[in-house]
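Residue numbers (UniProt numbering): 1 to 388.
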């Protein structure tokens, strides 16, 4: 008390500790998040490790995790333990039950209620009839006999099978027929809508989202935290965590994209992509640009204030789209029809495709031209590297 510690805390320290040094340590615990000094009873211990932080830091950290991220991110802020994705169901249940007890006395009531709702959704996800809304973050159990799903929160209506937003034109026709109607008959610009609102499905948990364009192709599912490519749905992994080959250990975060993924084709000339579609008798829109037309694809742009929803606004080149989004449209058709772009690869690309897959390059005689060697490399790709 001579050092101006609170009297009640000093008494508690005296009762708990057997020496002055121990009592001082009890009263001056360091928070490794804010570096402040706090008595032991104002420190919060993590559940699966030895780390601790002060009450205020724990309050701010868990409030942020619960409000803006997945419930699976409610782990130690220092070591990120436990890795919830590796826990079996009983272990996960035990962890979240104990965490709920900890957070109830820590968080504001509204945030704790949000935590419990997210915990409920996590449990419901184990049900085969659980569905995520494609328009908001809500999840719900769907009646397997219903053709239309209505989100209980935002009231958006989607098809139970194809998960596209429901419109009256879907009545009485299959999902494939409805998709064709959307592509060719909707009065709005369907190419723009196809790119902006077609959505993307997590290959791990099957949650479906309306995807805003913009940003990189590396996506992280906000529900299950699975990392994958928006172009081909192949998983991303860090270095040695990818077991495809020993070489992966030397890489950072990477994915093994097939050669028809937008990741590789986005720099191709539209004319080459059109040739591939023509050779395979796949129809596409090649309507000429209108004067002063602007691409209206919706996207997100990163600004100092955060992400901003906007439209592309670049000059239209073909089919009502700018060059970038027209290439994306053509590549979607290539992927949809499982076309192999090997015939439009240049020599460098063909060699890179062989090297990426650990295949030896064909032997090249000194008198072989680049064009003839390209044919050898293309043949090797076709024979040794199947399209994933």
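Ideal placement from N, C-alpha and C gives every residue a C-beta, glycine not left out.
Sequence-distant residues of its chain with Cβ nearer than 7 Å to residue 99 (five each side left out): Locating residue 99 in the chain shown gives position 99, counting from the first residue. These residues qualify, in order along the chain: 47 and 74.
Three-state secondary structure (DSSP) of residue 123: Taking the first residue of the chain shown as 1, we reach residue 123 at position 123. Of the three classes helix, strand and coil, the one that applies to residue 123 here is helix, per DSSP.
Burial state of residue 363 (16 or more Cβ within 10 Å): For the purposes of this step, residue 363 is identified with residue 363 of the chain shown, where counting begins at 1. The residue in question, residue 363, is exposed, as its Cβ has fewer than 16 Cβ neighbours within 10 Å.
Cβ shell of residue 293 (< 6 Å), same chain only, five flanking positions each side left out: The sequence position of residue 293 within the chain shown is 293, counting from 1. If we look at residue 293 and ignore the five residues flanking it on each side, its Cβ neighbours are 316.
Where residue 115 falls: helix, strand or coil (DSSP): Within the chain shown, numbered from 1, the residue matching residue 115 stands at position 115. Looking at residue 115 - three-state DSSP - the assignment turns out to be helix.
Residue range of the unbroken alpha helix (DSSP H) whose run includes residue 139: The sequence position of residue 139 within the chain shown is 139, counting from 1. Looking at the DSSP string, residue 139 is not in any alpha helix (DSSP H); the run it does join, the beta strand (DSSP E), is 139–141.
Three-state class that DSSP yields for residue 323 in the structure shown: By one-based count along the chain shown, residue 323 stands at place 323. It is helical.
Buried versus exposed, by CB contacts within 10 Å (16 or more), residue 72: Start at 1 with the first residue of the chain shown, and residue 72 comes out as number 72. Flag for residue 72 reads buried.
Close Cβ partners of residue 173 (< 6 Å) along its chain, the five nearest in sequence each way excluded: Counting from 1 along the chain shown, the entry for residue 173 is found at position 173. Excluding sequence neighbours, residue 173 sits near nothing in its chain.
Given residue 235 as reference, the closest of 385, 78 and 204 once Cα atoms are compared: Sequence index remark: in the chain shown, residue 235 carries index 235 (1-based). It is 204.
Member of 109, 119 and 114 whose CA lies at the smallest distance from the CA of residue 94: For the purposes of this step, residue 94 is taken as residue 94 along the chain shown, with counting starting at 1. Out of 109, 119 and 114, 119 has the C-alpha closest to the C-alpha of residue 94.
Between the CA atoms of residue 202 and residue 233 - distance to the nearest angstrom: Numbered from 1 along the chain shown, position 233 holds the residue referred to as residue 233. Numbered from 1 along the chain shown, position 202 holds the residue referred to as residue 202. Cα-Cα distance, rounded: 8 Å.
Cβ-based neighbour list, residue 63, same chain, cut-off 7 Å, excluding 5 preceding and 5 following: As a working note, residue 63 is residue 63 in the chain shown. These residues qualify, in order along the chain: 107 and 111.
Nearest to residue 89 (by Cα), restricted to the options 109, 125 and 54: Along the chain shown, read from residue 1 onward, the residue named residue 89 stands at position 89. That would be 125, whose Cα lies nearest to the Cα of residue 89.
Buried versus exposed call for residue 360 [16 or more other C-beta atoms within 10 Å across all chains shown]: Residue mapping note: residue 360 aligns to position 360 of the chain shown, counting from 1. By the neighbour-count rule (16 or more Cβ atoms within 10 Å), residue 360 is not buried but exposed.
Simplified DSSP assignment, three categories, for residue 329: Along the chain shown, one-based indexing puts residue 329 at 329. Residue 329: helix per DSSP, three-state reduction.
Continuous alpha helix (DSSP H) stretch holding residue 391: start and end: For residue 391 there is no data in the structure shown, the boundaries of the chain being 1 and 388.
Three-state secondary structure assigned by DSSP to residue 345: The residue labelled residue 345 in the question sits at position 345 within the chain shown. Note: residue 345 maps to coil in three-state DSSP.
The segment 337–352 touching the segment 274–294, judged by at least three CB pairs closer than 8 Å: yes
Residue 303 classed as buried or exposed, judged by whether at least 16 other C-beta atoms fall within 10 angstroms: Here residue 303 refers to the residue found at position 303 of the chain shown. Because residue 303 carries a pLDDT of 48, less than 50, the predicted location of this residue cannot be relied on, and the following value inherits that uncertainty. Exposed is the call here.
Pairwise C-alpha distance: residue 226 and residue 220: Along the chain shown, read from residue 1 onward, the residue named residue 220 stands at position 220. Along the chain shown, read from residue 1 onward, the residue named residue 226 stands at position 226. About 6 Å.
Residues that DSSP places opposite residue 218 in a beta bridge: Locating residue 218 in the chain shown gives position 218, where the first residue counts as 1. In DSSP, residue 218 forms a bridge with 229.
Beta-carbon spacing of residue 51, residue 31 below 8 Å: Here residue 51 refers to the residue found at position 51 when the chain shown is read from its first residue. Here residue 31 refers to the residue found at position 31 when the chain shown is read from its first residue. No, the pair does not count as a contact, with Cβ atoms beyond the cut-off.
Where the beta strand (DSSP E) containing residue 250 begins and where it ends: As a first step, residue 250 must be located in the chain shown, where it is residue number 250. Here residue 250 belongs to no beta strand (DSSP E), and DSSP marks it neither H nor E.
Residue nearest to residue 163 in terms of C-alpha spacing, selected from 271, 171, 371 and 149: Taking the first residue of the chain shown as 1, we reach residue 163 at position 163. Measuring from the Cα of residue 163, the nearest candidate turns out to be 149.
C-alpha distance - residue 390 paired with residue 329, whole-angstrom precision: Past the boundaries of the shown model lies residue 390; the chain is included only from 1 to 388, so the question cannot be answered.
Range covered by the beta strand (DSSP E) that runs through residue 237: As a working note, residue 237 is residue 237 in the chain shown. Run containing residue 237: 236–238, per the beta strand (DSSP E) assignment.
Buried or exposed (CB count within 10 angstroms, at least 16 for buried), residue 143: Taking the first residue of the chain shown as 1, we reach residue 143 at position 143. Exposed, by the Cβ-count rule.
Under 8 Å between C-beta atoms of residue 268 and residue 200: Locating residue 268 in the chain shown gives position 268, where the first residue counts as 1. Locating residue 200 in the chain shown gives position 200, where the first residue counts as 1. Contact flag unset, no.
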